[in-house]
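Chains A and B, in that order, are what the protein sequence lines are. Going by the numbering used here, the first residue of the first sequence is number 787, and it counts up by one from there. Going by the numbering used here, the first residue of the second sequence is number 787, and it counts up by one from there. One structure below.
There are 2 protein chains.
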Amino acid sequence: MARPSAAILSREIIGQAAIDLVESGRDLQVVPLAKRLGVSVSSLYYHVDGRDGVIRAMRDVLVPQYIGVPAEADGWEERIRLEVESSWRMYADHPRVMQYLLTSVINEPDVMRFYDAMADALTEAGLPDDEILTTIEVIDAFMFGAALDTLSPERILDPESAGPRLAGLMAAHPSGTERNRRMFDRGLDLLLSGIRART
Amino acid sequence: MARPSAAILSREIIGQAAIDLVESGRDLQVVPLAKRLGVSVSSLYYHVDGRDGVIRAMRDVLVPQYIGVPAEADGWEERIRLEVESSWRMYADHPRVMQYLLTSVINEPDVMRFYDAMADALTEAGLPDDEILTTIEVIDAFMFGAALDTLSPERILDPESAGPRLAGLMAAHPSGTERNRRMFDRGLDLLLSGIRART
DNA sequence: ACCTGAACACCGTTCAAGT
DNA sequence: ACCTGAACACCGTTCAAGT
């Protein structure tokens with residue numbers, strides 16, 4: 787079966803299988819990926835440029851699922867929230883995949899669209915021109931850090947070894963997904979509040 | 787020379803060499819590391835528990851250089867700034883090393899000290915108890931994202947393909963280290979301003 | 001205690017060969 | 001056009017052997 791009647795592989799199929807593999811907790815490796823696809827390793831190389839190509843394929847599968855709907859919103863603040871929210875969900879839904887996208891730069895057009903929308907919103911907010919790009923970068927960085935936070939273990943700190951003050955706070959603190967979600971919301975609130983104070 | 791008169795390796799020596807290797811732009815690999823140390827690969831395994839052990843060794847070399855001096859400061863805001871600044875510098879000075887520390891959790895006691903100091907400062911600021919931990923996590927996440935931002939290429943976006951609005955802003959925007967530094971400062975400002983608004 | 005050399009399983013990549 | 005099998009360089013790890 788050197789040439790099947792219908793192609794059994796494609797960039798998308800490979801990208802999706804890689805996402806599944808990685809999200810199931812394993813490393814991104816070509817051999818297990820091929821096995822999962824029931825295909826010989828070298829077959830992958832016809833559709834995708836090596837391991838790095840697999841990473842780009844993952845990105846190209848994920849991005850269209852989350853980015854692109856230029857949400858209907860009233861007011862700059864709501865626009866920023868919606869914009870950030872959609873990128874954030876992509877990160878938070880696939881934190882393990884994120885780790886690999888870290889090195890590979892996100893697709894130009896997508897970043898461009900995000901930056902453009904954000905620049906519009908911040909201009910409308912009345913932020914001075916020379917602060918706009920930096921502010922976008924701040925939000926971007928926070929989003930990124932918040933996404934990677936998902937990767938950290940359920941309990942980051944051991945209450946046993948904490949001081950009494952910290953231990954008390956930790957007892958009433960959520961963990962896992964809820965902790966992460968709350969952190970993201972609060973961060974965005976703080977940033978928006980800070981931006982408002984500058985306009 | 788199976789047993790030299792004076793040991794030529796140690797955890798620290800290995801950790802430092804690994805930092806140099808990684809910071810020079812290459813991947814963290816055991817074989818080049820051994821070569822750089824003028825030693826056989828298997829020798830590393832006596833001092834360090836494999837590749838992961840090398841990562842921990844890097845961390846144990848870096849952390850004491852940056853963390854630990856509990857800075858003299860007046861006022862909660864200044865305390866937070868100093869605290870965050872020192873962690874941040876470790877990240878920003880060694881962004882490539884950071885990539886590897888991402889997976890490995892930072893040493894318990896260090897995180898604990900950071901969280902404790904931050905909790906004190908935020909309590910002094912008058913922030914409600916149920917917001918303190920979340921706020922610390924926000925700052926932590928931002929710090930992290932800002933550090934990883936250092937890894938992104940000099941010019942993230944191509945002004946050619948940007949809209950006129952964005953292109954104009956980009957012309958007046960710094961790049962490289964300065965861009966990164968400014969972004970970090972602005973982000974911390976925004977967050978602190980947001981925190982102030984909540985007290 | 002501290003380092004070496006050989007050996008092994010495994011991974012990423014290439015390429016000629018098949019249909 | 002699309003997949004396979006073999007071959008290769010290289011990496012991480014182990015372990016017996018040396019002093």
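From the three backbone atoms N, C-alpha and C, an ideal C-beta is built for every residue, glycine too.
- [ ] Would you please state the rounded distance, in angstroms, between the beta carbons of Met969(B) and Ala932(B)? I believe it to be under 8 Å.
- [x] 6 Å
TODO: Give, in chain order, every unbroken run of the alpha helix (DSSP H) that is at least 4 residues long and sits entirely within the segment 881-938 of chain B.
DONE: 881-887, 894-911, 915-935
- [ ] Please state whether DSSP places Gln815(A) in a helix, a strand or coil.
- [x] DSSP places Gln815(A) in coil when its eight states are reduced to three.
Open item on the list: Between Ser979(A) and chain B, is any beta-carbon pair separated by less than 9 Å?
Closed with: Interface residue, yes.
Task: Exposed unless 16 or more other CB atoms sit within 10 angstroms - verdict on Ser791(A) - done: exposed
Open item on the list: Relative to the C-alpha of Asp806(B), which candidate in Met904(B), Ile922(B), His880(B) has its C-alpha closest?
Closed with: His880(B)
Open item on the list: Using C-beta distances below 6 Å, list every residue in its chain close to Leu823(B), excluding the 5 sequence neighbours before and after it, in chain order.
Closed with: Ala803
Open item on the list: Can you find the residues in the same chain that come closer than 8 Å, C-beta to C-beta, to Ile800(A), ignoring five residues on each side of it along the sequence?
Closed with: Leu819, Leu823, Leu830, His833, Val834, Val840, Ala843
Task: Beta-carbon proximity of Arg984(A) to Pro914(A), cut-off 9 Å - done: yes
- [ ] Taking C-beta pairs closer than 7 Å, name the residues in chain A that Arg968(B) reaches, listed in chain order.
- [x] Thr920
- [ ] Kindly list, in the order they appear in chain B, the residues whose Cβ is closer than 8 Å to that of Leu934(A).
- [x] Going along chain B in sequence order, the residues near Leu934(A) (Cβ under 8 Å) are Leu888, Ala927, Phe930, Gly931, Leu934.
- [ ] In the DSSP assignment, find the unbroken alpha helix (DSSP H) run with Asp846(A) in it and report its ends.
- [x] 836-852
Open item on the list: Just to confirm before moving on: does the CB-CB distance between Met956(A) and Leu795(B) stay below 9 Å?
Closed with: Remark: C-beta atoms of Met956(A) and Leu795(B) do not approach each other more closely than 9 Å.
- [ ] Assuming Ile741(B) and Leu976(A) form a contact by the criterion Cβ under 8 Å, report the distance between their Cβ atoms to the nearest whole angstrom.
- [x] Residue coverage of chain B in this structure runs from 787 to 985, which leaves residue 741(B) outside it and unanswerable.
Task: When Gly811(A), Gly854(A), Asp906(A) are compared against Ser873(A), the one with the closest alpha-carbon - done: Gly854(A)
TODO: Put Ile800(B) into one of helix, strand or coil per three-state DSSP.
DONE: helix
Open item on the list: Can you look up Pro945(A) in the DSSP assignment and give me helix, strand or coil?
Closed with: helix
- [ ] Specify the secondary structure class of Ile981(A) as computed by DSSP and reduced to three states.
- [x] Ile981(A): helix per DSSP, three-state reduction.
TODO: Sort Tyr886(B), Ser947(B), Val870(B), Leu888(B) by Cα distance to Ala859(B) and report the nearest one.
DONE: It is Val870(B) whose Cα lies nearest to the Cα of Ala859(B).
Open item on the list: Can you tell me whether Thr936(A) is buried or exposed? The criterion is at least 16 other CB atoms within 10 Å of its CB, across all chains shown.
Closed with: buried
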